[in-house]
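Quick note: the sequence shown uses this note's numbering, first residue 5, plus one each step.
Everything on this sheet refers to the single structure shown next.
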Amino acid sequence: MSKDKNSFEEWFATVFDRDRLAEMSGDMRRNTKAMFESLFHSVDMRKAIVTRDEFRAQQKMLADLAKKVERLEKALGGKKPAAKKRKPAKKKTAA
């Protein structure tokens, strides 16, 4: 029995030495971290999906903002800021 026990201990020591256990532990940590990051990323992406009610609320908010802009423009005399005129690009002549 002691011979079997010694051979098992030798096998265990060679297969599961400290360096190998540390490497396996590091692999497990990295894989677990990657799995959780992937899971949380997919949960965040689900939150990015807008429901119909949220979409309608955003549309209403944008419509209200557009009305406020119109009222402000009217209060300022109906003048919209003049757009800057662009100078035409000079054509390159072949030399």
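Glycine residues also receive a C-beta, built at the ideal position from the N, C-alpha and C atoms.
The continuous alpha helix (DSSP H) containing valine 73 extends over residues 56-79. Aspartate 21 carries a coil assignment under DSSP once its states are collapsed to helix, strand and coil. Here the alpha carbons of isoleucine 53 and methionine 28 stand approximately 38 Å from one another.
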